[in-house]
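Student: Those protein sequence lines, which keep their order, are chains A and B.
The first sequence begins at 3 in the working numbering and counts up by one.
The second sequence begins at 19 in the working numbering and counts up by one.
Mind having a look at this structure? Questions to follow.
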Amino acid sequence: MTQPQATHLSFDISAFSLPDAPMAMPQQVLEHDQGLLRRLMALFTPDHTDAPSAGARM
Amino acid sequence: MLRPFTGLYALRSLAILLSLVAGLGAFWLFMQFGRSDGLEALDIIRALLILISTLWLAWGAVQALIGLTTLPETPPMPPRPEGRSRTIILMPVYNEDPRVSFARLAAMDASLKAEGADYLHFAVLSDTRSDAIAAEEQHLFARLLAETNGAKRFFYRRRSANTGKKAGNIEDFITRSGAGYDFALILDADSLMEGATILEMVRRMEAEPHLGLLQTLPKVIRAGSRFGRAMQFSASFFSPVFARGLAMMQGQTGPFWGHNAMVRTRAFAESCGLPVLRGAPPFGGHIMSHDYVEAALLARQNWIVRLDDDLGGSYEEGPENIVDHAKRDRRWCQGNLQHSRLLLAPGLKPWSRFVFVQGIMAYIAPLFWIGFLTASILAPLLADPIDYFPEPYWPFPYFPPSEASKAIGLAIGIFGLLLLPKILIALRAALRDEAAPFGGAPVAFASTIAELLFSSITAPILLMYATRSVFQVLMGRDGGWPTNNRGDGRLSLSDAYAASNWITATGLIVTLAAYLFAPHLIFWLLPVGLPMIAAPVVLWWSSQPSKSPLMRVPSESHPPPVATLHDAILERWSVPSEPETVAHVQA
Chain A
3 MTQPQATHLS FDISAFSLPD APMAMPQQVL EHDQGLLRRL MALFTPDHTD
53 APSAGARM
Chain B
19 MLRPFTGLYA LRSLAILLSL VAGLGAFWLF MQFGRSDGLE ALDIIRALLI
69 LISTLWLAWG AVQALIGLTT LPETPPMPPR PEGRSRTIIL MPVYNEDPRV
119 SFARLAAMDA SLKAEGADYL HFAVLSDTRS DAIAAEEQHL FARLLAETNG
169 AKRFFYRRRS ANTGKKAGNI EDFITRSGAG YDFALILDAD SLMEGATILE
219 MVRRMEAEPH LGLLQTLPKV IRAGSRFGRA MQFSASFFSP VFARGLAMMQ
269 GQTGPFWGHN AMVRTRAFAE SCGLPVLRGA PPFGGHIMSH DYVEAALLAR
319 QNWIVRLDDD LGGSYEEGPE NIVDHAKRDR RWCQGNLQHS RLLLAPGLKP
369 WSRFVFVQGI MAYIAPLFWI GFLTASILAP LLADPIDYFP EPYWPFPYFP
419 PSEASKAIGL AIGIFGLLLL PKILIALRAA LRDEAAPFGG APVAFASTIA
469 ELLFSSITAP ILLMYATRSV FQVLMGRDGG WPTNNRGDGR LSLSDAYAAS
519 NWITATGLIV TLAAYLFAPH LIFWLLPVGL PMIAAPVVLW WSSQPSKSPL
569 MRVPSESHPP PVATLHDAIL ERWSVPSEPE TVAHVQA
């Protein structure tokens with residue numbers, strides 16, 4: 003890689019910043035709220051809700 | 019009536035079935051071999067390791083065989099689109115040499131203008147941390163603007179914090195400016211694409227409104243070292259066939275390799291906002307190998323992700339030595355292993371999950387081979403002695419039948435899976451008169467043999483680096499985001515020694531252990547042990563410039579026009595710009 007050269011520019015880089023045209027980029031869901039075991043257990047609960055945690059049962 | 023994807027599912031099923039047959043065949047042969055002197059637990063473990071390793075090798079071979087049966091085709095495009103959609107070319111940079119990177123943008127702009135397209139926009143998305151390099155970037159951006167007459171078409175922005183690395187960099191662009199563009203061509207700092215190819219991609223995106231991402235197959239160019247040229251030859255001669263096989267099986271869930279690909283900004287924005295995974299790196303935190311995940315997320319939202327391997331004019335540069343290759347691979351290893359967290363992500367297409375599994379397998383497969391070799395060396399130590407007199411009071415010894423032929427058959431089968439696809443690709447190139455750009459059929463065939471020899475010398479070393487990477491990730495070490503080294507990549511012998519002395523030590527221990535505990539295996543292990551012992555020399559030798567007439571590729575005899583343009587611009591830019599030029603830009 004070449005060494006960066008010293009520069010004495012008064013070049014205003016902000017004049018060439020990106021166009022202002024926002025677009026929403028919603029965050030995607032990639033992880034389940036519950037772990038696999040909890041979700042498997044939920045298959046067998048009466049209303050298919052997440053199985054209660056040990057803490058909740060206590 | 020057949021369902022539209024019946025053929026696709028049949029092809030995928032056939033590929034998986036053939037791989038399973040090869041893996042189970044290897045398992046059965048090894049069990050026969052192990053049974054000859056009494057089946058031990060270690061024999062079953064070794065047979066299982068052989069099953070997984072062979073399955074993985076066979077999967078690659080089947081992909082090549084499928085690729086060999088078809089040729090790339092241009093997808094149908096009813097009425098010819100104009101290619102005038104609002105398109106921007108994005109080049110994310112991170113502590114790169116701006117002279118080389120920005121000259122690439124100038125070359126692509128010139129190539130587009132030669133096609134009559136002076137309306138595409140370009141953006142440099144800088145994540146550079148060094149203020150000195152950033153100052154150089156801004157200096158050269160002024161020159162880029164002046165030389166391309168690029169005001170209002172060329173943009174530059176530098177992020178104050180590089181949150182989310184490259185994926186975060188692209189996301190920052192989309193949220194700030196995405197609505198201004200229909201399509202965005204995502205590049206790497208070492209990407210080069212012909213203007214005609216870019217315009218054809220725009221037309222293909224216009225022709226298929228459900229196409230969310232269009233990936234090209236970039237060819238490696240400008241390699242100069244022995245290692246670089248071997249990789250370049252492999253990427254140019256073999257990879258298109260493997261990619262064809264992949265393209266045949268991808269359906270609408272194709273790959274994204276992070277660069278030299280065009281996205282529909284709306285599709286990308288609505289599908290690819292990446293969350294930060296729970297927990298700390300390497301498995302938690304920001305998603306490192308974001309490209310595979312983005313492809314899966316686009317497919318999840320029913321956007322088509324497609325690899326069009328018929329498109330030429332797409333180039334990249336590769337590492338010039340094994341150390342740089344291993345550094346890049348360390349990053350990819352961490353990224354792919356992190357995908358294990360996403361295997362059960364909600365709503366993904368089954369093929370996307372399978373792609374994650376393939377990525378993970380690519381990095382853990384060496385562990386199975388190492389496990390097999392270790393178990394084979396230890397087996398004689400742990401085995402019960404052979405009972406030559408199993409019948410009490412019977413005076414004559416019993417010699418168990420030799421099953422060596424099965425072991426040899428198994429070895430031939432495994433080598434066949436490794437070698438056959440490449441040999442067949444060379445034969446097809448000769449038969450179809452496609453070898454001329456590679457120096458003609460004899461040279462292409464000799465190059466294939468040379469590449470096979472070269473890769474069998476370097477494979478044990480790469481296997482050691484990959485294994486170390488996997489262990490580092492499993493132990494929770496984050497590899498970070500090192501800058502790519504681009505340049506001639508020549509290593510000194512002392513640098514090579516410093517980078518690989520642990521491989522030499524491991525090779526010596528393995529070979530000595532084999533000599534002491536399993537001397538009958540020593541000749542089988544030498545092809546692995548010797549390159550490991552000689553790793554520093556292999557690293558040094560392979561990083562030196564190559565003058566061989568072998569491993570020729572088309573881009574060496576006929577450089578791509580855009581690469582010629584890049585060379586000319588780079589030469590011009592080696593002379594410092596005039597202050598007046600900058601003043602002109604400011605005005």
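Just so it is clear, CB atoms sit at the ideal spot from N, CA and C, and this is done for glycine as well.
This one's a predicted model, so the numbers in the text were calculated from it and none came from an experiment.
Would L35/B be called buried (16 or more neighbouring beta carbons within 10 Å of its own) or exposed?
Tutor: On the second sequence, position 17 is the one that residue 35/B refers to. L35/B is exposed by the Cβ-count criterion.
Student: Helix, strand or coil for A23/A per DSSP?
Tutor: Numbered from 1 along the first sequence, position 21 holds the residue referred to as residue 23/A. Reduced to three states, the DSSP call for A23/A is coil.
Student: According to DSSP, is S133/B helix, strand or coil?
Tutor: Your numbering for residue 133/B matches position 115 in the second sequence. It should be pointed out that residue 133/B corresponds to Glu in this sequence rather than to Ser. DSSP places E133/B in coil when its eight states are reduced to three.
Student: Would you mind working out which of A153/B, S473/B and I239/B sits nearest P577/B, comparing C-alpha positions?
Tutor: Within the second sequence, the letter at position 559 stands for residue 577/B. Comparing Cα positions, the closest option is I239/B.
Student: Taking 8 Å as the threshold (C-beta atoms), are Q352/B and G458/B in contact?
Tutor: By one-based count along the second sequence, residue 458/B stands at place 440. By one-based count along the second sequence, residue 352/B stands at place 334. No, they are not a contact pair.
Student: In three-state terms, what does DSSP make of F274/B?
Tutor: For the purposes of this step, residue 274/B is taken as the residue at position 256 of the second sequence. Three-state result, F274/B: coil.
Student: Under 7 Å, CB to CB, which of the residues in the stretch 187-215 of chain B have a partner in chain A?
Tutor: Hits within the stretch, in order: E189, F191, I192, T193, R194, S195, G196, A197 and G198.
Student: Could you name each continuous beta strand (DSSP E) segment of 3 residues or more that falls completely within the stretch 50-130 of chain B, going from the start of the chain to the end?
Tutor: Here the runs fully enclosed are 105-111.
Student: For V528/B, which of helix, strand or coil comes out of DSSP?
Tutor: Walking along the second sequence from the start, residue 528/B turns up at place 510. Helix at V528/B.
Student: For the alpha helix (DSSP H) that contains R495/B, what are its first and last residues?
Tutor: Here residue 495/B refers to the residue found at position 477 of the second sequence. From DSSP, R495/B is part of no alpha helix (DSSP H); its letter is neither H nor E.
Student: Below 8 Å on the Cβ atoms is my guess for N180/B versus D149/B; work out the distance and round it to an integer in Å.
Tutor: Residue 180/B sits at position 162 when you count from the first residue of the second sequence. Residue 149/B sits at position 131 when you count from the first residue of the second sequence. In fact, because the Cβ distance is near 14 Å, the residues do not count as touching under 8 Å.
Student: Looking at the unbroken alpha helix (DSSP H) that takes in E189/B, where does it start and where does it end?
Tutor: Taking the second sequence and counting its residues from 1, the one referred to as residue 189/B is at position 171. Here the alpha helix (DSSP H) through E189/B covers K183 to S195.
Student: Determine, for G377/B, whether the minimum Cβ-Cβ distance to residues of chain A falls below 8 Å.
Tutor: As a working note, residue 377/B is residue 359 in the second sequence. So no, G377/B is outside the interface.
Student: Relative to the C-alpha of P28/A, which residue among Q319/B, T271/B and A40/B is closest?
Tutor: One-based indexing of the first sequence puts residue 28/A at position 26. The option with the nearest alpha carbon to P28/A is Q319/B.
Student: Taking the CB atoms as reference points, tell me whether L60/B and K424/B lie closer together than 8 Å.
Tutor: By 1-based counting over the second sequence, the position of residue 60/B is 42. By 1-based counting over the second sequence, the position of residue 424/B is 406. No, they are not a contact pair.
Student: Which residue or residues does DSSP assign as beta-bridge partners of V238/B?
Tutor: Taking the first residue of the second sequence as 1, we reach residue 238/B at position 220. Beta-bridge pairing links V238/B to E334/B.
Student: Residue range of the alpha helix (DSSP H) that L391/B falls in?
Tutor: In the second sequence, residue 391/B corresponds to position 373, counting from 1. Its alpha helix (DSSP H) spans residues P368 to L400.
Student: Less than 8 Å between the C-beta atoms of V627/B and A202/B, yes or no?
Tutor: Since the displayed chain B opens at 19 and closes at 605, residue 627/B lies outside it and no answer follows.
Student: By the criterion of Cβ-Cβ separation under 7 Å, what are the contact partners of F46/A in chain B?
Tutor: Walking along the first sequence from the start, residue 46/A turns up at place 44. Simply none; closest approach about 18 Å.
Student: With 7 Å as the limit, tell me which residues of the stretch 97-131 of chain B have their beta carbon closer than that to any beta carbon of chain A; keep them in chain order.
Tutor: Hits within the stretch, in order: D115 and R117.
Student: I want to see whether chain A comes within less than 8 Å of Y137/B, judged by CB atoms only; does it?
Tutor: Mapped onto the second sequence, residue 137/B falls at position 119. It does not: the Cβ of Y137/B has no partner Cβ on chain A nearer than 8 Å.
Student: S257/B lies in the alpha helix (DSSP H); which residues open and close that run?
Tutor: The count along the second sequence starts at 1 and reaches residue 257/B at position 239. S257 to Q268 is the span of the alpha helix (DSSP H), which, as asked, contains S257/B.
Student: Taking a cut of 9 Å between CB atoms, which residues from the stretch 276-293 of chain B lie near chain E?
Tutor: Judged by its chain identifiers, the structure shown contains no chain E, and its protein chains are A and B.
Student: Alpha carbon to alpha carbon, how far is F463/B from T105/B? Give it in angstroms, no decimals.
Tutor: Position 87 of the second sequence holds residue 105/B. Position 445 of the second sequence holds residue 463/B. Near 42 Å, if we compare the C-alpha coordinates of F463/B and T105/B.
Student: Taking L530/B as the reference, which of V491/B, T392/B and R450/B has the closest Cα?
Tutor: The residue labelled residue 530/B in the question sits at position 512 within the second sequence. Ranking V491/B, T392/B and R450/B by Cα distance to L530/B puts T392/B first.
Student: Are any of the Cβ atoms in chain A nearer than 8 Å to that of Y310/B?
Tutor: As a first step, residue 310/B must be located in the second sequence, where it is residue number 292. For Y310/B, the answer is no, since every Cβ of chain A falls outside 8 Å of its Cβ.
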